[in-house]
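Residues in the sequence shown are numbered from 10 upward in steps of one, following UniProt numbering. Here a beta-carbon is modelled for each residue, glycine too, at the ideal position from N, C-alpha and C.
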Amino acid sequence: RSGNGDSRGALVVLEGLDRCGKSTQSGRLLTYLKGLGHSTELWRFPDRTTSVGQMISSYLSSQSQLDDHTVHLLFSANRWEKRSLMERKLKSGTTLIVDRYSYSGVAFSSAKGLDIDWCKAPEIGLLAPDMVVYLNIPPEKAAERGGYGDERYEKLEFQRKVSHSYQVLHDASWKMIDACQPIEDIEKQLQEMVSDCVRICQKGKPLSFLWS
Ligand code: TMP
Ligand code: MG
10 RSGNGDSRGA LVVLEGLDRC GKSTQSGRLL TYLKGLGHST ELWRFPDRTT SVGQMISSYL
70 SSQSQLDDHT VHLLFSANRW EKRSLMERKL KSGTTLIVDR YSYSGVAFSS AKGLDIDWCK
130 APEIGLLAPD MVVYLNIPPE KAAERGGYGD ERYEKLEFQR KVSHSYQVLH DASWKMIDAC
190 QPIEDIEKQL QEMVSDCVRI CQKGKPLSFL WS
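See below:
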């Protein structure tokens, strides 16, 4: 069901606050789609394996300090360096589940006070997702979940601002899931949404670009 020329993979993005359950759900979704016989990969941003990604990682763990604009552009560069591979994978029929994308870039940086249009600009021309799923959780609830790690943004006060940024940023096309539900319920809802999306992409929906 993949790699046969005209059917392309879907670009599915999961977004949400830290500790909303994105990583758990993207892993389960990967297993599900593979089980249906779809060629599927799980990606995440930041991709910490590249040299840009290592700069980001060291910033997030407070081993280095960077100006807010600088780190914003590094997050963006980290997506640009994967763009051509992303396009090749999709065109060859592989569905990509992506844990965070440009929306995280804009939500987190604008939560620091950077201008939202300035934040969006470097993302122009990246591939647009076929579906964005937002795992919606109140910041207070996320903070209760096994506690945050010690990365830079994992603070309740800041996550409240990020939550507000996401509210400004999202549009009617986003699929919202209540992330306070049991894991299995979220998993089921996600499976239904993504199955439809994969089907539409297989039928030849053209790729599009941010910000559309
Ligand atoms: P992670 O926990 O999903 O690995 O992401 C690390 C942190 O980086 C998380 O707090 C969200 C933040 N982030 C940005 O600030 N900008 C971005 O573009 C991305 C992808 C993540
Ligand atoms: Mg994290």
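{"query": "Given residue 178 as reference, the closest of 94, 58, 129 and 37 once Cα atoms are compared", "result": "129"}
{"query": "Beta-ladder partner(s) of residue 117, from DSSP", "result": "For residue 117, which the question treats as bridged, DSSP gives no partner whatsoever."}
{"query": "Stretch pair the region 171–191 + the region 134–144: three plus CB contacts closer than 8 Å", "result": "yes"}
{"query": "Residues that DSSP places opposite residue 187 in a beta bridge", "result": "145"}
{"query": "Check your reading: residues with Cβ closer than 7 Å to the ligand GDP heavy atoms", "result": "This structure lacks the ligand GDP; its bound ligands are the ligand TMP and the ligand MG."}
{"query": "Enclosing beta strand (DSSP E) for residue 53 [first to last residue]", "result": "49–53"}
{"query": "Check: residue 53 C-beta below 7 Å from any heavy atom of the ligand TMP", "result": "yes"}
{"query": "Nearest-angstrom Cα separation, counted from residue 163 out to residue 146", "result": "14 Å"}
{"query": "Cβ neighbour criterion (16 or more within 10 Å) applied to residue 155", "result": "exposed"}
{"query": "Buried versus exposed call for residue 10 [16 or more other C-beta atoms within 10 Å across all chains shown]", "result": "At residue 10, the pLDDT of 46 sits below 50, so the modelled position is not reliable and the matter cannot be decided from this model."}
{"query": "Cβ-based neighbour list, residue 13, same chain, cut-off 7 Å, excluding 5 preceding and 5 following", "result": "With a pLDDT of 48 at residue 13, under the threshold of 50, the modelled position of that residue is not reliable, and no figure is offered here."}
{"query": "Proximity test, residue 113 beta-carbon vs the ligand TMP heavy atom, cut-off 7 Å", "result": "yes"}
{"query": "Near the ligand TMP: residue 108 beta-carbon under 7 Å from a heavy atom", "result": "yes"}
{"query": "Own chain, CB closer than 8 Å to residue 88, minus 5 neighbours either side, in chain order", "result": "54, 110, 111, 114, 132 and 135"}
{"query": "Any non-hydrogen atom of the ligand TMP within 7 Å of residue 218 CB", "result": "no"}
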